[in-house]
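For the record, the sequence lines run as chains A and B. Just so we're aligned, residue 1 is where the first sequence starts under this note's numbering, counting upward by one. Just so we're aligned, residue 1001 is where the second sequence starts under this note's numbering, counting upward by one. Glycine residues also receive a C-beta, built at the ideal position from the N, C-alpha and C atoms. Taking it in order: structure first as structure tokens, then the write-up.
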Amino acid sequence: MTLIFGMSICYYWKNILPGTETMTDESQTIAPQNTVAPKIDGHNIRRLREGKGLTQLYVATVVGVTTDTISRWENRRYPSIKPENAKKLAEALDVTLNEIIDQTAPANEAAEALPGPDAIAPSLSLNNRRWGIGLALFLAAFIGAVLLAWWPQSHQPLRVTATRILPPHAPIGLPFPVAITLTPATAEAIPLIISETMAQECAAMDGVPPFNAANNETRTFKWISKPEGQTILFYMAMIKPHSPTRPQVPFAGEITLHGDTGVMNPIGGDVNVTVAPYHWADRNRDYMIDDEEILTVYDTFGAATGLRLDASLIEDIWSGHGYRWDAIRRQLVVIP
Amino acid sequence: MFLAALAALLCWQVAAPSLAKEPVSCRYLVANGNRIELEVTVSAPPPATLIITQSLPPDVSVVSTTPPVKKFSQRPGEAKWLIMGSGPGTTVIGMNLSKPVRANQIGGEMIYNDPATGAPVRMPIAP
């Protein structure tokens, strides 16, 4: 457990604290003192770029920043921009500088600008902050280790935990995947039974590995497993058409371990899927499946050989121009 | 106390960015003329899926690619490859173009979820 605390600190240190070594291109430059940092009109930049048929990646390449930076500029999250980048941006868009500057906003002094993609505080203060937070985390880890040493044995975690992963939403009639991750706390392989009971408006199918038992009357299905290391069980679920449907469909299930007869522990993790006319992989509900969403699909469910994920539909939406929901036919229509 | 000190030491070692090795790296082998070649190197543990995006000047179209491109937009000029289940090793992605390009006109990006943390990683590829 102490190691877990240590690793948590590692993760925090490496991924959350903005260390200077891992900063992206735009943050490695300290804004020069007394340099005017103009504000850009992000909406106008997006309009100009799209009007000229340029991608964010192309503009980012010409300016010498990342696509994330271009995206932030266009969304006006960090409207200040270094003068030299403003010049390059105007060149990339083939417009004059005045066309991309937000004339309604007063220009900032870069030295006074808040940390952002184009003007950040010197790395010295960042390092001081890292050390301060690092020290606090170290103390927290130490206190955690002491507390764990005194923690009663009865509060030790389960020998195997089960965690359900659901998409945030799904439309009626479109099957969506469900994953249940089994994580043993020890190297011992413990026989167990996983039981899932579907809500009335939901159906389950295509277990991977196949279900060991299924009862259609009680809408319950089970796996018998003996996980050696982390194991993932998958199945497809579907909100049935023509049945009374709640705004959120609940999921419930239990895990029973060998030797714990009569003791059933609930499966943790996600417990609801919201009924909504969006593809289950379209997590931000913008009628598109973007790069990060398709990566999430394959990272979460790609290991399930034999799971009927309808990858071709997902890839068609990703590679096309999105999809729309046909409310009459109650189905998704891909926009090629 | 000893365990806490060990945890802190581990923390320092793992957090040191100079020691961290990216699971995927990508570089241009050819970035001038009518052909572009990208070399993608995947280390262990590999990410489950990888997306490579190649941006092109607006007036340049793609004649052929190896492996076949998964997503291509003529306007804007952008080609994408979805590489799934790739183990450790090296892959070369090649594109034949309708017009010659200069290295300063093209750029690329690779996106994957870090196999250790699950967090999305988006890295530019520069010629």
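Using a Cβ-Cβ cut-off of 7 Å, Thr1053(B) is close to Leu57 of chain A, given in chain order.
Taking each of Asp316(A), Ile81(A), Gly53(A) in turn and checking the Cα distance to Asp41(A), the smallest one comes out for Ile81(A). Distances from the alpha-carbon of Tyr278(A) to those of Glu99(A), Lys52(A), Leu332(A) put Leu332(A) closest.
Annotation: the segment 40-87 of chain A contains the following complete segments of the alpha helix (DSSP H) (minimum length 4 residues), in chain order: 42-51, 56-63, 67-74. Annotated as proximal: Leu295(A) and Tyr1112(B), with beta-carbon spacing under 8 Å.
Of Leu1082(B), Ile1036(B), Pro1076(B), Asn1032(B), the smallest CA-CA separation from Ala1048(B) is found for Leu1082(B).
For the beta strand (DSSP E) assignment, the uninterrupted runs of no fewer than 3 residues enclosed by the segment 1033-1114 of chain B are, from N- to C-terminal side, 1033-1042, 1049-1055, 1062-1066, 1071-1073, 1078-1084, 1089-1101, 1107-1113. Ranked by Cα distance from Gly268(A), the options Ala281(A), Asn85(A), Pro250(A) are led by Pro250(A). Any Cβ of chain A closer than 8 Å to the Cβ of Met1110(B) would place that residue at the interface, and such an atom is absent. Residue pairing from DSSP places Tyr235(A) in a beta bridge opposite Val178(A). Leu139(A) sits exposed, since fewer than 16 C-beta atoms from the chains shown fall within 10 Å of its C-beta. Between Thr1090(B) and Ile1036(B), the alpha-carbon positions lie close to 16 Å from each other. Bounds of the alpha helix (DSSP H) holding Val297(A) are 291-301. Taking one beta carbon from each stretch, the segment 309-329 of chain A and the segment 278-293 of chain A have 3 or more pairs nearer than 8 Å; the two touch. Ranked by Cα distance from Ala237(A), the options Leu89(A), Ser195(A), Val178(A), Glu50(A) are led by Val178(A).
Asp326(A) is classed as exposed because its beta carbon has fewer than 16 other beta carbons within 10 Å across all chains shown. DSSP, read as helix, strand or coil, puts Leu309(A) in coil. Residues Val1042, Ser1043, Ala1044, Pro1046 of the same chain have their beta carbon placed closer than 7 Å to that of Pro1088(B), with the five preceding and five following residues left out of the count. Taking 9 Å as the cut-off between beta carbons, none of the residues of the segment 249-275 of chain A comes near chain B.
Under a criterion of Cβ atoms nearer than 9 Å, the residues of chain B adjacent to Trp318(A) are, in order, Lys1070, Lys1071, Lys1080, Leu1082. Sequence-distant Cβ neighbours of Asn75(A) in its own chain, meaning closer than 8 Å and more than five residues away, are Gly42. By the criterion of a C-beta distance shorter than 8 Å, Asp94(A) is surrounded in its chain by Lys52, once the five residues flanking it on both sides are discounted.
Among the residues facing chain B, Gly53(A) is included, as its CB has a counterpart in that chain under 8 Å away. When the Cα atoms are used, Thr305(A) and Glu84(A) turn out to be separated by approximately 51 Å. Taking a contact to require three or more Cβ pairs closer than 8 Å, the segment 184-192 of chain A and the segment 219-231 of chain A qualify as touching. Listed along chain B, the residues sitting closer than 9 Å to Asp299(A) by beta-carbon distance are Pro1047, Ala1048, Thr1049, Tyr1112, Asn1113, Pro1115, Gly1118.
Thr69(A) and Asn216(A) have their C-alpha atoms spaced approximately 52 Å apart. The C-beta of Ala60(A) comes closer than 8 Å to at least one C-beta of chain B. Neighbourhood of Asp68(A) in chain B, by CB distance below 9 Å: Arg1122, in chain order. Closer than 8 Å at the C-beta level to chain B, one finds these residues of the segment 283-316 of chain A: Asp291, Glu292, Ile294, Leu295, Thr296, Tyr298, Asp299, Gly302, Ala303, Glu315.
Looking from the CA of Arg1122(B), the closest CA among Ile172(A), Leu89(A), Thr96(A), Val65(A) belongs to Val65(A). A distance below 6 Å between beta-carbons, with the five flanking residues on each side excluded, links Val208(A) to the following residues of its chain, in chain order: Phe234, Ala304, Gly306, Leu307. For Lys222(A) and Asp1114(B), the gap between their C-alpha atoms comes out near 32 Å. Between Leu174(A) and Trp280(A), the C-beta spacing is below 8 Å. Within the same chain, Cβ atoms closer than 7 Å to the Cβ of Glu293(A) are found at Ala281, Asp282, Arg283, the five residues on either side in sequence being excluded.
The C-beta distance from Thr183(A) to Val160(A) rounds to 7 Å, short enough to meet the 8 Å contact threshold.
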